[in-house]
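Residues in the sequence shown are numbered consecutively from 28, following the working numbering.
The beta-carbon is built from N, C-alpha and C at its ideal position, and this holds for glycine as well.
What follows is one structure encoded as structure tokens, with my remarks underneath.
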Amino acid sequence: MAARGRQSRRALLPAGFKAADFNQWLAQRDPVTFTDFELQGNWPRWARDVTLKLSSARVEAVIVARLSGSGIDVPADLKTLVGVAREDNWILNPEESAAVVEGPAELWALADPIPSFIGAVWISPENPFSGRTDTAMVSRILEEARSDGAIIAPAMSLLADIEAVEEKVLVEVRTALEKRLADVPPTQRGALKNPIRISWH
28 MAARGRQSRR
38 ALLPAGFKAA
48 DFNQWLAQRD
58 PVTFTDFELQ
68 GNWPRWARDV
78 TLKLSSARVE
88 AVIVARLSGS
98 GIDVPADLKT
108 LVGVAREDNW
118 ILNPEESAAV
128 VEGPAELWAL
138 ADPIPSFIGA
148 VWISPENPFS
158 GRTDTAMVSR
168 ILEEARSDGA
178 IIAPAMSLLA
188 DIEAVEEKVL
198 VEVRTALEKR
208 LADVPPTQRG
218 ALKNPIRISW
228 H
């Protein structure tokens, strides 16, 4: 999509016209509206993930995973793009560890990098991100939150789509968040209230 956009832009722009100036001009004439945001919410989740939510970190993770899965000896500098080495361990960046989103198989940006990293023995099959569905991810978060309830809201917002979690786990989420709300000062409760509302439906 990005390559197609660049090709179209080159075909449209006069010689010597700066792309940045064109982008600014286009943005001024096609502003994003609240209606646009509402319509985007109706897209399939995979469509939002490969357009609105696609980050450079995600692209890097998929590329490095493809290389490691092909048996190529991945250079250390590429490996550090998607994770951090600590002593004898390598830790994948959390942003690239979110639950898998099902979508068209031909969309390479939806490929799950975790199996390739496990196959390359970069991370253990028992690592915290090995559960690849939203339900499995949230279940793991709840399990670890028993010793540290502060991780619940930030971990779920980063790693899972709460609306895709199975009902029985949502009940556990609501219970855990209500307990957490009772334990934190009023000024820190805002970030926890929205997941509770969602999990109630």
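Ends of the alpha helix (DSSP H) at residue i?
i, result
"A191", "Neither: A191 is in no alpha helix (DSSP H) and is coded neither H nor E."
"I141", "I141 to G146"
"R234", "No information on residue 234 is available, as it lies outside the stretch 28 to 228 that the chain covers here."
"R173", "Element bounds for R173: n/a, residue is neither H nor E."
"A177", "Run containing A177: none; DSSP gives neither H nor E here."
"A88", "S83 to G96"
"T62", "F61 to Q67"
"D76", "R72 to D76"
Taking 8 Å as the limit between beta carbons, can you name the residues of its chain near residue i, skipping five residues before and five after?
i, result
"R31", "Note that R31 scores 48 on pLDDT, short of 50, meaning its location in the model is unreliable; the coordinates nonetheless yield the value given after this. Counting only Cβ-Cβ distances below 8 Å, and skipping sequence neighbours, we find nothing."
"R117", "Just to set this straight, residue 117 is Trp in the shown sequence, not Arg. Answer for W117: K106, G110, V111, W149 and I150, listed in chain order."
"V86", "A136"
"A203", "L169, A172, G176 and I179"
For my contact list, residue i and residue j are in at a C-beta cut-off of 8 Å; report their separation, rounded to the angstrom.
i, j, result
"I178", "A172", "5 Å"
"S157", "I168", "Not a contact, Cβ separation roughly 13 Å."
"L185", "P121", "6 Å"
"W73", "V128", "5 Å"
So residue i is in the beta strand (DSSP E); what residue range does that whole segment cover?
i, result
"V111", "G110 to R113"
Residues bridged to residue i by DSSP?
i, result
"I118", "V111"
Ignore the nearest five residues each way along the sequence and tell me which others in residue i's own chain have a CB closer than 6 Å to its CB.
i, result
"D161", "A126, A187, D188, A191 and V192"
"D210", "none"
"S166", "V196"
Can you name, in chain order, every residue of its own chain whose Cβ lies under 7 Å from the Cβ of residue i, other than the five neighbours on each side?
i, result
"F144", "A92, S95, L119 and I150"
For chain D, check one thing: does any of its Cβ atoms lie closer than 9 Å to the Cβ of residue i?
i, result
"M164", "Absent from the structure is chain D; it holds one protein chain and no more."
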